[in-house]
Amino acid sequence: MTVATKGNEMLIGELAACTGTTTRALRFYEEQGLLTCERTTSGYRTYDENAIKQVNNIRELLDIGFTVDDVRAFLPYLDHDLPAVFPFEPRCATGYAAVGPPRVAELNERITRLTELRDRLLDRMPWLAADAPTAQREEIPSTDQE
(Lines of atoms letter the chains of each structure in order from A; the text may use other names.)
(Lines give C-alpha, C1' and ligand atoms only; values in the text may rest on other atoms or scores of the structure.)
Protein backbone atom coordinates (compact mmCIF):
# COMPACT_ATOMS: atom_id res chain seq x y z
CA MET A 152 0.00 0.00 0.00
CA THR A 153 1.32 3.44 -0.93
CA VAL A 154 0.43 6.50 1.09
CA ALA A 155 0.54 9.84 -0.67
CA THR A 156 2.74 12.40 1.09
CA LYS A 157 3.47 15.99 0.19
CA GLY A 158 6.82 17.05 -1.29
CA ASN A 159 9.77 15.92 0.81
CA GLU A 160 7.73 14.38 3.60
CA MET A 161 8.38 10.83 4.71
CA LEU A 162 6.44 8.25 6.65
CA ILE A 163 7.56 6.96 10.03
CA GLY A 164 9.11 3.81 8.56
CA GLU A 165 11.14 5.86 6.10
CA LEU A 166 12.39 8.13 8.89
CA ALA A 167 13.29 5.10 10.99
CA ALA A 168 15.27 3.65 8.07
CA CYS A 169 17.05 6.97 7.40
CA THR A 170 18.11 7.35 11.03
CA GLY A 171 18.84 3.73 11.93
CA THR A 172 16.24 3.66 14.67
CA THR A 173 12.87 2.00 15.16
CA THR A 174 9.38 3.29 14.61
CA ARG A 175 8.73 2.53 18.26
CA ALA A 176 11.56 4.88 19.30
CA LEU A 177 10.21 7.60 17.02
CA ARG A 178 6.74 7.29 18.54
CA PHE A 179 8.33 7.46 22.00
CA TYR A 180 10.26 10.63 21.07
CA GLU A 181 6.97 12.10 19.86
CA GLU A 182 5.17 11.13 23.10
CA GLN A 183 7.96 12.77 25.07
CA GLY A 184 7.67 16.02 23.10
CA LEU A 185 11.07 15.69 21.42
CA LEU A 186 9.78 15.16 17.88
CA THR A 187 6.75 16.44 16.04
CA CYS A 188 4.94 15.14 13.01
CA GLU A 189 2.02 15.92 10.78
CA ARG A 190 -0.74 13.46 9.96
CA THR A 191 -2.18 12.46 6.62
CA THR A 192 -5.93 12.38 6.20
CA SER A 193 -5.65 8.64 6.88
CA GLY A 194 -3.81 9.29 10.16
CA TYR A 195 -0.33 8.28 9.05
CA ARG A 196 2.55 10.18 10.63
CA THR A 197 4.62 12.24 8.19
CA TYR A 198 7.89 14.02 8.85
CA ASP A 199 9.84 16.62 6.94
CA GLU A 200 13.51 16.22 6.04
CA ASN A 201 14.59 18.17 9.13
CA ALA A 202 13.31 15.31 11.30
CA ILE A 203 16.39 13.30 10.26
CA LYS A 204 18.67 15.86 11.92
CA GLN A 205 16.39 16.06 14.97
CA VAL A 206 16.37 12.29 15.49
CA ASN A 207 20.13 12.02 14.97
CA ASN A 208 20.67 14.81 17.52
CA ILE A 209 18.31 13.18 20.02
CA ARG A 210 20.19 9.90 19.67
CA GLU A 211 23.57 11.61 20.00
CA LEU A 212 22.51 13.34 23.22
CA LEU A 213 21.14 10.08 24.62
CA ASP A 214 24.35 8.29 23.61
CA ILE A 215 26.53 10.71 25.60
CA GLY A 216 24.58 10.09 28.78
CA PHE A 217 21.67 12.50 28.83
CA THR A 218 18.20 11.23 29.68
CA VAL A 219 15.08 11.86 27.64
CA ASP A 220 14.07 14.48 30.22
CA ASP A 221 17.48 16.15 29.80
CA VAL A 222 17.12 16.23 26.01
CA ARG A 223 14.11 18.52 26.39
CA ALA A 224 16.55 21.26 27.45
CA PHE A 225 18.13 20.97 24.00
CA LEU A 226 14.90 21.35 22.00
CA PRO A 227 15.91 24.75 20.52
CA TYR A 228 19.10 23.15 19.16
CA LEU A 229 17.76 19.91 17.68
CA ASP A 230 17.13 21.47 14.26
CA HIS A 231 20.80 22.39 13.81
CA ASP A 232 24.13 20.62 13.89
CA LEU A 233 25.09 20.17 17.53
CA PRO A 234 28.34 21.91 18.44
CA ALA A 235 31.35 19.79 19.29
CA VAL A 236 31.46 21.70 22.59
CA PHE A 237 28.47 23.41 24.16
CA PRO A 238 29.67 26.75 25.52
CA PHE A 239 28.45 27.92 28.89
CA GLU A 240 26.12 30.84 28.38
CA PRO A 241 24.19 32.50 31.21
CA ARG A 242 21.08 32.64 29.00
CA CYS A 243 21.18 28.85 28.92
CA ALA A 244 21.10 28.55 32.71
CA THR A 245 17.63 27.02 32.56
CA GLY A 246 18.42 24.99 29.44
CA TYR A 247 21.31 22.71 28.67
CA ALA A 248 23.60 24.39 31.22
CA ALA A 249 21.17 23.28 33.93
CA VAL A 250 21.03 19.60 32.98
CA GLY A 251 24.76 19.04 32.51
CA PRO A 252 26.02 19.31 36.12
CA PRO A 253 23.55 16.86 37.68
CA ARG A 254 24.13 14.39 34.85
CA VAL A 255 27.91 14.52 35.33
CA ALA A 256 27.42 14.13 39.11
CA GLU A 257 25.25 11.06 38.56
CA LEU A 258 27.79 9.53 36.16
CA ASN A 259 30.57 10.17 38.69
CA GLU A 260 28.54 8.40 41.39
CA ARG A 261 27.96 5.45 39.09
CA ILE A 262 31.65 5.28 38.19
CA THR A 263 32.55 5.31 41.89
CA ARG A 264 30.07 2.49 42.65
CA LEU A 265 31.29 0.41 39.71
CA THR A 266 34.93 0.96 40.67
CA GLU A 267 34.16 -0.20 44.22
CA LEU A 268 32.41 -3.31 42.87
CA ARG A 269 35.30 -4.10 40.55
CA ASP A 270 37.82 -3.67 43.39
CA ARG A 271 35.80 -5.98 45.67
CA LEU A 272 35.64 -8.59 42.93
CA LEU A 273 39.38 -8.33 42.26
CA ASP A 274 40.07 -8.71 45.99
CA ARG A 275 38.30 -12.06 45.81
CA MET A 276 39.70 -13.05 42.39
CA PRO A 277 43.00 -11.23 41.91
CA TRP A 278 43.84 -13.33 38.88
CA LEU A 279 41.16 -11.40 36.96
CA ALA A 280 43.18 -8.19 37.14
CA ALA A 281 44.54 -7.05 33.80
CA ASP A 282 48.00 -6.67 35.31
CA ALA A 283 48.02 -10.13 36.96
CA PRO A 284 50.89 -12.31 35.73
CA THR A 285 49.85 -14.72 32.99
CA ALA A 286 51.04 -17.68 35.07
CA GLN A 287 48.71 -16.64 37.87
CA ARG A 288 45.76 -16.61 35.46
CA GLU A 289 46.70 -20.05 34.12
CA GLU A 290 46.73 -21.54 37.62
CA ILE A 291 42.98 -21.19 38.06
CA PRO A 292 41.88 -24.05 40.32
CA SER A 293 39.49 -26.50 38.73
CA THR A 294 36.00 -26.78 40.12
CA ASP A 295 35.61 -30.27 38.66
CA GLN A 296 35.29 -32.96 41.28
CA GLU A 297 36.88 -36.22 40.28
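In our numbering, the protein residues as written are 152 to 297.
Cβ atoms here follow ideal geometry from the backbone N, Cα and C, with glycine treated the same way.
Check, Outcome
"Would you say F217 and V250 are within 8 Å of each other, going by their C-beta atoms?", "yes"
"Of all the options D220, I209, G246, which has the alpha carbon lying nearest to the alpha carbon of L233?", "I209"
"Of the choices N159, F225, Y247, D274, whose alpha-carbon is the least far from that of L186?", "F225"
"With distances taken between CB atoms, is the gap from V219 to Q183 smaller than 8 Å?", "yes"
"How long is the line joining the alpha carbons of I203 and T263, rounded to whole angstroms?", "36 Å"
"Is L162 near T192, with beta carbons less than 8 Å apart?", "no"
"Is Y195 helix, strand or coil when you go by DSSP?", "coil"
"Assign E257 to buried or exposed, taking buried as 16 or more other Cβ atoms, counted over all protein chains shown, within 10 Å of its Cβ.", "exposed"
"Going by DSSP in three states, L272 sits in which element: helix, strand or coil?", "helix"
"Tell me whether the beta-carbon of A248 lies closer than 8 Å to the beta-carbon of E240.", "yes"
"Between which two residues does the alpha helix (DSSP H) containing R175 stretch?", "174-182"
"Grouping DSSP H, G and I as helix and E and B as strand, with all else coil, what is L226?", "helix"
"Look at the alpha carbon of V222 and the alpha carbon of E211, and state the distance between them as a whole number of angstroms.", "10 Å"
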